[in-house]
Each structure stands twice: as structure tokens, then as C-alpha cells.
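The next block holds one structure in the form of C-alpha cells; read it before the comments.
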Amino acid sequence: MTVSKDENSLHGKSSSLGRIIAPVEAVLFDVDGTLCDSDPLHFYAFQEMLQEIGFNGGIPIDEEFYIKNIAGKNNADITQKLFPNDVERGANSIDEKEAMFRRFVIEQLKPVSGLCKVKKWVEDHGLKCAAVTNSSRINAELMISMLGLMDFFETIIIGIKAGVAADMPVVGISMRNPEQLLMQAKPALLVKDYNDSKLWTALDELVMRGDTVTNA
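Residue 39 in numbering that gives the first Met the number 0 is what sits at position 40 of the sequence shown, and the numbering runs on without skipping anything.
Next comes the structure, spelled out in C-alpha cells:
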């Protein structure tokens, strides 16, 4: 979640943040990690799909293989990596994996801890908010729908536009959880834990100082 335009991270800061945060007008939520943790579902979908087609002799891939060869890459690059000699077959297999992922989303997706509390704070203060993600639109909308947040966001920004919206270097779009690049984009708050007491101290101070711009 990023708000406003200063360079601070809530994590590891003991000083009061309210003194240095610019007026908050809008909040951007990165779908994966900020709303939910979908990466395990991607792993399970790849693991099941690859085993079904006999990849690696039918031996299930492990997390080490997934992190090294799949995590953070787009589907075209994954296809080239896993199926260099049969790209067409690989593309079809990736489509099957995406269908499995969406099934897992429907069955298993859960919000991150503390999301409901942050959602209520944003709503109570009338802030504009958008979801930004490098996921496909069909996946992003399904995840947001399963979390019950379709009416919460004014817009869902996909791919390169997501990086532009967050004032991020475009290269950041290809990286999973690009914390370093988010900090280069100078968000006022880079929130790692919605249950961190320092977050709520900072937000309370913003309200007392009138540094949230509400929509009347």
C-alpha cells in the first residue's frame, strides 16, 4: 500500500511519521501482498499442472525450483524457460495453469491480516483508492471479487500503467514485491504489516493534523 509522496518505510521506524507525511488524497493497493498472498496458489497451480503433463519425469517441482525458474517472471518468459523446444505446447500448458490458479483463488484465497481494518479507515476518511497489479485483468478482478472489494476500488490499474500510477520505474513492473523500487518511487508510507501499532499511531496523527483530504 502506498500513499502520498514522501520517502519513508513504516517498518523499523520508531520516530513519529505524521510530522513528515504529506496530505493523503489517495491510496494505492498492490493486489498481491497488500490485499492477499496469491503466490502460494501460483506455486500449487504450476506444481499440479507440470506434474500432470509429465514435466521432470512427473516428479513435482519444489519451491526452490519455483523461485529460481518461475516466480516473478511473466508467462511468455516462463514458457520459453520451461518449454524451449515446444513453445506452442508450453503456452497451452500455461493457460491450463492459469485456469487452475483461478480455481484455487475461488477455493482458497484469503485477505491478509488486518486488511479489513485498513479498508474501514480508508472508507471512514473518504479517500480515493485504486488497485495496481502486474497480474492479468481476469486474475486481478477475480481476486478482488473473492475478497469482496470490487466496490471498494474506483479503478484497477494493470501492467505498465500500474507502475506509472505508482510513479515507479517501468522495470519494476516485472519484479515481484519490488520494495526497493517502491522506495525509489518515494511513497509516504510503505506498509508491511497492517497490524503494526506504529501504522495506526501515524494514521491517527494524520487525522489530528488534518492531513487526510476527505471527499465531502
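Every residue gets a Cβ at the ideal spot worked out from N, C-alpha and C, and that includes glycine. Because the structure is a prediction, the values reported are computed rather than measured.
Inter-residue Cα distance where the pair is residue i and residue j
| i | j | result |
| --- | --- | --- |
| residue 71 | residue 120 | 31 Å |
| residue 33 | residue 75 | 25 Å |
| residue 79 | residue 86 | 6 Å |
| residue 48 | residue 96 | 6 Å |
| residue 27 | residue 43 | 28 Å |
| residue 93 | residue 139 | 17 Å |
| residue 134 | residue 62 | 20 Å |
| residue 115 | residue 203 | 17 Å |
| residue 83 | residue 89 | 8 Å |
| residue 153 | residue 25 | 11 Å |
| residue 129 | residue 91 | 32 Å |
| residue 35 | residue 155 | 15 Å |
| residue 6 | residue 60 | Annotation note: pLDDT 41 at residue 6 (below 50); position unreliable, coordinate value reported separately. Taking the straight line joining both Cα atoms gives about 39 Å. |
| residue 136 | residue 98 | 14 Å |
| residue 105 | residue 117 | 23 Å |
| residue 124 | residue 196 | 19 Å |
| residue 53 | residue 200 | 53 Å |
| residue 109 | residue 151 | 17 Å |
| residue 64 | residue 38 | 14 Å |
| residue 122 | residue 73 | 33 Å |
| residue 107 | residue 31 | 14 Å |
Short Cβ contact (7 Å threshold) for residue i with residue j
| i | j | result |
| --- | --- | --- |
| residue 126 | residue 101 | no |
| residue 29 | residue 131 | yes |
| residue 69 | residue 77 | yes |
| residue 103 | residue 40 | yes |
| residue 157 | residue 149 | no |
| residue 46 | residue 57 | no |
| residue 113 | residue 55 | no |
Where the beta strand (DSSP E) containing residue i begins and where it ends
| i | result |
| --- | --- |
| residue 127 | 127-132 |
| residue 29 | 25-29 |
| residue 155 | 154-157 |
Bounding residues of the alpha helix (DSSP H) (the contiguous stretch that carries residue i)
| i | result |
| --- | --- |
| residue 141 | 136-145 |
| residue 64 | 62-68 |
| residue 81 | 74-81 |
Paired residues, beta bridge with residue i - DSSP
| i | result |
| --- | --- |
| residue 35 | 31 and 110 |
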